[in-house]
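Residue numbers (this note's numbering), protein chains in the order written: chain A, 5 to 211; chain B, 5 to 211.
Read the structure below first, then the notes.
There are 2 protein chains.
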Amino acid sequence: MRTKILSGYEESSIAVNAVILTIKDGELLVYLNSREKEPYKNLSELPGGLLRKLESAEQTLSRKIKDIFGKKNVFLKQFYSFTKPNRDPRGRVVSIGFIALISPDKVANFDNFQRIGTLPKLAFDHKEIIEKALEYLKENLDNQIVKEFMPPYFPLNGLQTVHEIIGKKKLDNRNFRKKIISSGTIRKVTMIQKNVPHRPAVLYRFI
Amino acid sequence: MRTKILSGYEESSIAVNAVILTIKDGELLVYLNSREKEPYKNLSELPGGLLRKLESAEQTLSRKIKDIFGKKNVFLKQFYSFTKPNRDPRGRVVSIGFIALISPDKVANFDNFQRIGTLPKLAFDHKEIIEKALEYLKENLDNQIVKEFMPPYFPLNGLQTVHEIIGKKKLDNRNFRKKIISSGTIRKVTMIQKNVPHRPAVLYRFI
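Spelled out as C-alpha cells, the structure:
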C-alpha cells in the first residue's frame, strides 16, 4: 500500500522496449513488429511491453525476448529511459530502452528485421529510441559491445566492417589494426580460416 | 485519461537519483544528504526526487541539481534505471540513475561529499546505485567521461591519476601515455605549467 508521502505525484506505467539489432550483408537491421491495436494500429513498433507486478525491467524483457527467440541467450544492455510526459497517448508511460545484439548466424528467420537505413514510420517515439540506441552503440564502439555481433573467431577485417557499419564511416586499415590490437581486448588464435578463396586470414577472438 | 489498455498493470512512481562525484586529494567523493523523514530517517541518501506531471527525468534532475549547486553547468548522464519491485517500502518506485561529474575546482563546499571508500549505511538501494555508477564509469573510461573531472588544461599524469582512481588500479606510465595519445581524444597545447616546483609539464586538452 502506498503511503501519503508519494501521493500528489503522477502515477506512471513502466514499459520496456528492445532495439534488437543484427548485421547482414553489410547492413544493420532492426527487429520490428506490426501493431495490431490502436493507437498507431498497423504501424511498426519495437518489441516490448509493460512491467507486471513484482517484475523488474530485466525480467519483463527476458520474457518478451523468449517469446521472440525461444530460449536463446541474447545480450541485453539497458541504455536509456524515455520519460517525455506525452510519449504515449494512452497516459504516462516511461519506457526503459534495451539494446540486444544478435550475431546473424543465430537468427533463424529475418522476416521481422528491417534495414535501419530505410525504416517506415514508427509508432510512439520508437524512431527516437532507435536513434538513441545507435548513438549509444557508436559511443561505445571501443567497449566490447561489438563482440556480440561477431562469431567466436574472426579475421580483423570482419571486425573492422562491424565498426564501420556502426560508426557509419570507412576506417583506415592500418590505424584500425594498430588501435584494436593495442586495446588489449582481442587475442590471436592458433587457427586459420578454411575454405576461403584467398590466402587464409589470421583469426582473433575477444579476451 | 488512461484507457483500459493500460489498466491491470501496476502503477508506479518515477524518481531520479544523482550520483554526483568529484575527485579530491586522490580520492573519489560522492554527494550525500541526510534523510529527514521516514523511511530510513537519518540515513544518508543520494539527492533526487519524484517526477512531477509534465516533467521528463532530465527536467526533474536539473531542478534538483540547481537546488544543490545553483546555476552551475553540470555534466549529467543517465546510466541505468533501477526497477526492482521492492526497492522502496512506500510502494513501487522506479529510479532513473544519473551520474554527475564535477571538477573539484567548481565545488564551493565539500561538506556533503563523502569518500566512496568509507560510506555509511545508505537508504533504499542507494549503495547499489553508487556501485552501478562506478561500474559504468569504469567501463566507460575510454570515452570522454573523465574529461568532466579535469580542468581545461592538464598534464598527462593528472589524467592518469583520474584513470587510476576510477579504474582502482595503478597504470604503467608509458603504456598509459601511448594509449591515450593514440586514442585521438586529447591534443597538446602550446602552454606549459607555471609556478610548479619541478620542470613544467606539457599540457593537454580534450579535443
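Glycine included, every Cβ here is placed at the ideal spot set by N, Cα and C.
Assuming residue i and residue j make a contact with CB atoms under 8 angstroms, what is their CB distance in whole Å?
{"i": "R91 (chain B)", "j": "F128 (chain B)", "result": "6 angstroms"}
{"i": "I149 (chain A)", "j": "V34 (chain A)", "result": "Not a contact, Cβ separation roughly 15 angstroms."}
{"i": "T189 (chain A)", "j": "F117 (chain A)", "result": "That pair is no contact at about 27 angstroms."}
{"i": "D146 (chain B)", "j": "D146 (chain A)", "result": "5 angstroms"}
Roughly how many whole angstroms lie between the Cα atoms of residue i and residue j?
{"i": "P159 (chain A)", "j": "A205 (chain A)", "result": "6 angstroms"}
{"i": "I103 (chain B)", "j": "I24 (chain B)", "result": "6 angstroms"}
{"i": "H167 (chain B)", "j": "I185 (chain B)", "result": "14 angstroms"}
{"i": "I9 (chain B)", "j": "L80 (chain A)", "result": "A caution first: I9 (chain B) carries a pLDDT of 47, below 50, which makes its placement in the model unreliable, though a value can still be read off. Taking the straight line from one Cα to the other gives about 27 angstroms."}
{"i": "Y44 (chain B)", "j": "Y140 (chain B)", "result": "27 angstroms"}
{"i": "N46 (chain A)", "j": "S38 (chain A)", "result": "6 angstroms"}
{"i": "L58 (chain A)", "j": "E62 (chain B)", "result": "26 angstroms"}
{"i": "I134 (chain B)", "j": "P201 (chain A)", "result": "52 angstroms"}
{"i": "I72 (chain B)", "j": "P51 (chain A)", "result": "39 angstroms"}
{"i": "L54 (chain B)", "j": "L32 (chain A)", "result": "37 angstroms"}
{"i": "T64 (chain B)", "j": "K70 (chain A)", "result": "35 angstroms"}
{"i": "N113 (chain B)", "j": "S60 (chain A)", "result": "37 angstroms"}
Do residue i and residue j have their CB atoms nearer than 9 angstroms?
{"i": "K68 (chain B)", "j": "A22 (chain B)", "result": "yes"}
{"i": "F210 (chain B)", "j": "K151 (chain B)", "result": "yes"}
{"i": "K28 (chain A)", "j": "V111 (chain A)", "result": "yes"}
{"i": "S17 (chain A)", "j": "S66 (chain B)", "result": "no"}
{"i": "H130 (chain B)", "j": "E49 (chain B)", "result": "yes"}
{"i": "K183 (chain A)", "j": "S107 (chain B)", "result": "no"}
{"i": "V20 (chain B)", "j": "G101 (chain B)", "result": "yes"}
{"i": "Y157 (chain B)", "j": "L105 (chain B)", "result": "no"}
{"i": "R56 (chain B)", "j": "E14 (chain A)", "result": "yes"}
{"i": "N177 (chain A)", "j": "N161 (chain A)", "result": "yes"}
{"i": "L163 (chain A)", "j": "L36 (chain A)", "result": "no"}
{"i": "D144 (chain B)", "j": "N144 (chain A)", "result": "For the record, residue 144 (chain B) in the displayed sequence is Asn; it is not Asp. Yes, Cβ-Cβ distance for N144 (chain B) and N144 (chain A) is below 9 angstroms."}
Under 9 angstroms between beta-carbons, which chain D residues line up against residue i? List them in chain order, please.
{"i": "Q82 (chain A)", "result": "Annotation note: the requested chain D is absent from the structure, which comprises protein chains A and B."}
Keeping to the same chain, check which residues put their C-beta closer than 8 angstroms to that of residue i; ignore five residues upstream and five downstream.
{"i": "G30 (chain A)", "result": "T165 and I169"}
{"i": "K142 (chain B)", "result": "I170, G171 and K172"}
{"i": "M5 (chain B)", "result": "Low local confidence applies: a pLDDT of 44 at M5 (chain B) is under 50, so the model's placement there is unreliable, and no value is given."}
{"i": "D109 (chain A)", "result": "P155"}
{"i": "E132 (chain A)", "result": "F86"}
Just to confirm my understanding: we take residue i, look at its own chain, exclude 5 residues before and 5 after, and list those with CB closer than 7 angstroms. What are they?
{"i": "R191 (chain A)", "result": "Y208, R209 and I211"}
{"i": "K174 (chain A)", "result": "E168"}
{"i": "R181 (chain A)", "result": "L160"}
{"i": "F153 (chain B)", "result": "I27, L105, S107 and V166"}
{"i": "K125 (chain A)", "result": "L47"}
Which same chain residues, not among the five before or five after residue i, have their C-beta less than 6 angstroms away from its C-beta?
{"i": "I196 (chain B)", "result": "P204"}
{"i": "K136 (chain B)", "result": "Y84"}
{"i": "E42 (chain A)", "result": "none"}
Short of 7 angstroms Cβ to Cβ, which residues in the segment 181–196 of chain B face chain A? K183 and S186
Identify each residue in the segment 46–72 of chain A for which the Cβ-Cβ distance to at least one residue of chain B is less than 8 angstroms, and report them in chain order. L54, L55, R56, K57, L58, E59, S60, A61 and E62
Residues of the segment 141–169 of chain B with Cβ closer than 8 angstroms to any Cβ of chain A, in chain order: E143, N144, D146 and N147
Can you pull out the residues from the segment 109–136 of chain B whose beta carbon lies closer than 9 angstroms to at least one beta carbon of chain A? none
Under 8 angstroms, CB to CB, which of the residues in the segment 18–40 of chain A have a partner in chain B? I18
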